[in-house]
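Worksheet: the structure to be examined is printed underneath.
Residue numbers (our numbering): 110 to 446.
Here it is in structure tokens:
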């Protein structure tokens, strides 16, 4: 090689090295705010500020599935003003049907009248008597719904749907998809504790995600961790009865309602954290379902699904116990006994 060519080669090599270094140092953007009655935190590696696009992705869920938005698809269906659905509603409905069947009917998005009666819905706090509960139970049951050619038909006009146990997970998925459509390959999306992630954090390692120890604390001041996971892909959702509850006459009433009895659930499961590779929506729905069916039934579902792992924290004879599926054990970086 001539001397000039050598110099040019060295120069080009330095230029490539410089731009590679610049690429490696692309900043991690942070976005946060309020949505769906909770807060969100999003971290992603990109030279662009994508926050407006991410807000628009979250807004799709509000437009379709929010019971607090009077013009949403689900609100209009609940008021019998329309039967028309949209693609997001149908996506949620078909997954809800699947989880409903696998949980023996314990997961049911028609539970809205009971959720409202117990004070955990959009109509404010109340305290129902047994006669009220019995009457409302007639309005519950996904088998009383039919989705045909994009229209939802209800057997009883008083039936109402509550998609809150699955909508946050869907919102997380939509934000993640938005990021990937913009070429982002390193991100962590968290909305109200439901998470989807990919790649590495700003520390150059898999994302560190904690699973809380279930201790009754409606104020959310107690945040002791049961374990910490290192994750580089997938979604994680947790459901438990240790945050959203109230005490009346010395008795605890949790937000998870048994659609068969009409009363808040009473099982041995204290919290369910579900990890999937496919979607946060799926993890969100199954975490809720597990709280209704208890430890043994939940464990059986996890062990049969190759896409699902879980950390189930339950009580046995007054002692707190932790079950972790085999695939999740390899992702633990720290665990409290």
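All residues carry an ideal CB built from backbone N, CA and C; glycine is no exception.
Sub-8 Å separation of residue i and residue j beta-carbons
i	j	result
residue 168	residue 222	no
residue 203	residue 209	no
residue 401	residue 212	yes
residue 368	residue 214	yes
residue 419	residue 437	yes
residue 194	residue 259	yes
residue 294	residue 305	no
residue 283	residue 166	yes
residue 275	residue 201	yes
residue 205	residue 218	yes
residue 441	residue 334	no
residue 404	residue 421	yes
residue 254	residue 265	no
Local Cβ density within 10 Å of residue i, reported as buried at 16 or more and exposed below that
i	result
residue 271	buried
residue 220	buried
residue 342	exposed
residue 143	exposed
residue 428	exposed
residue 131	Note that residue 131 scores a pLDDT of 43, beneath 50, so its modelled location is shaky and nothing firm can be said.
residue 399	buried
residue 336	buried
residue 433	buried
residue 247	exposed
residue 191	exposed
residue 397	buried
residue 180	exposed
residue 136	exposed
residue 189	exposed
residue 435	exposed
residue 392	buried
residue 285	buried
Endpoints, the alpha helix (DSSP H) within which residue i is located
i	result
residue 437	435-438
residue 410	404-413
residue 276	273-290
residue 223	221-226
residue 240	239-246
From the options, residue whose alpha carbon lies closest to that of residue i
i	options	result
residue 242	256, 320, 227 and 158	227
residue 431	320, 374, 416 and 287	320
residue 424	254, 381 and 164	381
residue 154	312, 296, 189 and 283	296
residue 199	191, 309, 173 and 178	173
residue 443	378, 393, 411 and 317	317
residue 303	137, 148, 138 and 135	148
residue 387	205, 238 and 344	344
residue 103	323, 263 and 375	In the structure as shown, the chain begins at 110 and stops at 446. Residue 103 is therefore absent and cannot be evaluated.
residue 372	240, 394 and 180	240
residue 197	158, 280, 413 and 287	280
residue 150	385, 277, 290 and 374	277
residue 287	426, 156, 160 and 417	160
residue 378	289, 224 and 365	365
residue 394	171, 413, 253 and 417	417
residue 146	290, 175 and 163	175
residue 370	207, 158 and 237	237
residue 245	225, 391, 406 and 157	225
residue 406	207, 376 and 257	376
residue 157	138, 413 and 411	138
residue 414	313, 249, 263 and 384	384
First and last residue of the uninterrupted beta strand (DSSP E) at residue i
i	result
residue 82	Residue 82 is absent from the model: the chain starts at 110 and stops at 446.
residue 321	316-321
residue 307	303-307
residue 443	441-444
residue 347	342-349
residue 297	296-300
residue 255	254-257
residue 261	260-263
Start-end ranges of the alpha helix (DSSP H) lying completely within the segment 123-203, minimum 4 residues:
Taken in chain order, the whole alpha helix (DSSP H) runs of length 4 or more contained in the segment 123-203 are 160-174 and 182-187.
Mind pulling the alpha helix (DSSP H) runs of 4 or more residues that sit fully within the segment 376-407?
389-402
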